[in-house]
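For reference, the structure is listed below as structure tokens.
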Amino acid sequence: MSELGTLEDLPLDYRQGLTARNLVPLWPALRAALPYGIPSRRTAPTLWRYQDVRPQLLEAGRLTPIEKAERRVLVLANPGLGLENMQATPSIYIGMQLILPGETASNHRHSPSAVRFVVEGEGGFTVVEGEKCPMEPGDLILTPSGLWHEHGHAGTAPVVWMDALDLPLIYGLEASYCTEGAPQAIRNEPDSSQTRYRRAGLVPWRGRAQAQAWADYPLVRFPWREAKAALADLAGVTAHGEAVRLAYVNPETGADCMPILGFSVLQLRPGESLRLPRHSASSVLNVVDGAGTALIDGVSLPFEQADTLAVPTHAEVRLENASSTRPAHLFVVDDAPMQKKLGFYEVFA
Ligand code: 1HN
92 MSELGTLEDL PLDYRQGLTA RNLVPLWPAL RAALPYGIPS RRTAPTLWRY QDVRPQLLEA
152 GRLTPIEKAE RRVLVLANPG LGLENMQATP SIYIGMQLIL PGETASNHRH SPSAVRFVVE
212 GEGGFTVVEG EKCPMEPGDL ILTPSGLWHE HGHAGTAPVV WMDALDLPLI YGLEASYCTE
272 GAPQAIRNEP DSSQTRYRRA GLVPWRGRAQ AQAWADYPLV RFPWREAKAA LADLAGVTAH
332 GEAVRLAYVN PETGADCMPI LGFSVLQLRP GESLRLPRHS ASSVLNVVDG AGTALIDGVS
392 LPFEQADTLA VPTHAEVRLE NASSTRPAHL FVVDDAPMQK KLGFYEVFA
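Read in our numbering, the sequence shown has 188 at position 97, and its numbers run on one by one without any break.
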């Protein structure tokens with residue numbers, strides 16, 4: 092491994108001649124683009140405390156009417172990536188959205204895919220392609236690329252949810268845009284988490300109607316009540332040292348429920364300290380309940396309910412439950428589905 096030549100090694104007039112012709116020598120930049128062993132990462136292990144975010148969000152509710160915002164969101168921007176770039180990690184956009192009683196957020200669809208993970212409040216709902224999805228705390232609602240979605244709030248107190256989008260990737264590819272629409276006609280039946288896909292392992296016998304625009308997304312609401320109960324039962328049959336963790340999948344195919352971002356939820360049992368497998372994906376954690384400490388590449392971040400954490404690619408992660416009597420639950424967003432499809436996803440020992 093010899094030292095590579097630098098820009099300064101080159102005569103000034105030669106460098107100027109390259110610049111004038113839109114040419115760049117690779118070798119001075121090669122090691123930065125292709126470091127040995129581990130990627131260079133600007134993403135900082137970061138904690139956004141909900142007790143800091145919530146008052147700012149409620150203040151936005153007083154300062155900015157929904158009509159002036161379209162979506163009233165504070166973006167969780169990773170300082171290592173530049174706040175103006177609105178990236179929690181290189182591929183993951185995270186925002187905290189506030190909707191007040193009686194407000195609506197107008198119907199639209201767009202090329203980036205989004206999910207909502209409900210943090211606080213009762214009575215919010217999202218309509219996805221005519222399916223009205225109630226939003227209870229901890230519920231996951233999918234609004235994949237190209238599907239119409241709008242929000243409303245029929246309750247009495249503020250509702251806050253976390254938006255996770257693949258926006259940095261789609262925007263970086265110069266492929267991000269949206270279309271506005273008239274309010275959707277709401278189908279008069281409960282969402283499919285209560286009807287067609289009520290139980291794991293049971294799907295409609297004829298399969299889903301292929302003609303429907305949302306055929307790739309048979310299930311768009313994953314209720315927290317079901318996920319929490321499933322984790323409680325899984326905890327009872329999972330050896331210590333092994334993760335109590337469930338993935339959100341397409342019930343028809345068993346594949347990741349969205350193409351680019353992946354979603355899972357894990358339970359830290361009382362007193363548990365858990366090392367996550369080191370992998371090539373970046374991720375964001377949201378604390379559903381409980382408290383503890385995350386050690387991310389040597390940075391210790393104490394977390395509480397509704398806090399959010401950013402995890403760089405290739406990071407070492409250890410999670411510790413602070414309570415010896417109560418479990419803690421964390422919702423995880425990562426870009427592993429994209430990395431798998433592009434052929435470079437790796438899990439290290
Ligand atoms: C979006 O469509 C929503 O529908 C929220 O609630 C945040 C951020 C960027 C682009 C689209 C929503 C968004 C967004």
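We treat Cβ as the ideally placed atom computed from N, Cα and C, and that holds for glycine.
Can you tell me which of the three DSSP states residue i falls into?
| i | result |
| --- | --- |
| PRO428 | helix |
| LEU172 | helix |
| LEU165 | strand |
| GLN188 | strand |
| ALA302 | Legend: pLDDT at ALA302 = 46, less than 50; position of this residue unreliable, value from coordinates given subsequently. Coil, per DSSP. |
| GLU99 | helix |
| VAL115 | coil |
| VAL294 | coil |
| ARG153 | helix |
What residues match up with residue i in a beta bridge as DSSP calls it?
| i | result |
| --- | --- |
| SER364 | GLU411 |
| ASN377 | THR399, PHE422 |
| GLN358 | VAL335, HIS420 |
| VAL438 | HIS370 |
| LEU138 | LEU400 |
For the beta strand (DSSP E) that contains residue i, what are its first and last residues?
| i | result |
| --- | --- |
| ARG207 | 205-211 |
| LEU400 | 399-402 |
| GLN392 | The amino acid at residue 392 is misidentified as Gln; the sequence shows Leu. Residues 390-394. |
| LEU121 | Careful: LEU121 lies outside any beta strand (DSSP E), inside the alpha helix (DSSP H) at 121-124. |
| ARG200 | 195-201 |
| ALA517 | Residue numbering for the chain in the displayed model covers 92 to 440; residue 517 lies beyond these limits and cannot be assessed. |
Considering only residues of the same chain and omitting the five flanking positions on each side of residue i, which have a CB-CB separation below 6 angstroms?
| i | result |
| --- | --- |
| ALA245 | GLY214 |
| ALA419 | LEU359, GLY381, GLY383, ASN412 |
| TYR436 | SER371, ALA427, GLN430 |
| PRO368 | VAL438 |
| SER329 | A small fix is needed here, since residue 329 is Thr in this sequence, not Ser. Closer than 6 angstroms at Cβ, skipping near neighbours: VAL335. |
| TYR186 | Here residue 186 turns out to be Gly, not Tyr, going by the sequence shown. Taken in chain order, the residues that qualify are VAL164, VAL166, ASP254. |
Got a sec? Which residues, its chain only, sit under 8 angstroms from residue i by beta carbon, not counting five neighbours each side?
| i | result |
| --- | --- |
| ARG278 | GLY221, GLU222, LYS223 |
| ASN95 | For the record, residue 95 in the displayed sequence is Leu; it is not Asn. Answer for LEU95: TRP118, PRO119, LEU121, ARG122, listed in chain order. |
Got a sec, what are the start and stop residues for the alpha helix (DSSP H) residue i sits in?
| i | result |
| --- | --- |
| GLY108 | 103-111 |
I'd like the list of long-range same chain contacts for residue i, defined as Cβ closer than 7 angstroms, with 5 residues on each side in sequence excluded.
| i | result |
| --- | --- |
| ALA302 | Unreliable positioning characterises ALA302 in this predicted model, as indicated by a pLDDT of 46, which lies under 50. The coordinate reading is nonetheless provided below. Excluding residues within five positions, none has a Cβ falling inside 7 angstroms. |
| PRO295 | ARG287 |
| ASP347 | VAL340, GLY353, PRO428 |
When you measure from the CB of residue i to every non-hydrogen atom of the ligand ZN, does any distance come out below 7 angstroms?
| i | result |
| --- | --- |
| ARG409 | Ligands displayed in this structure: the ligand 1HN; the ligand ZN is not among them. |
Open item on the list: Please give the ranges of any alpha helix (DSSP H) in the region 304-354, keeping only runs that are unbroken, at least 4 residues long and fully inside the region.
Closed with: 315-326
TODO: Scan the region 216-292 and note each continuous beta strand (DSSP E) run of 3 residues or more that stays entirely inside, going in chain order.
DONE: 222-226, 231-234, 240-244, 250-256, 269-271
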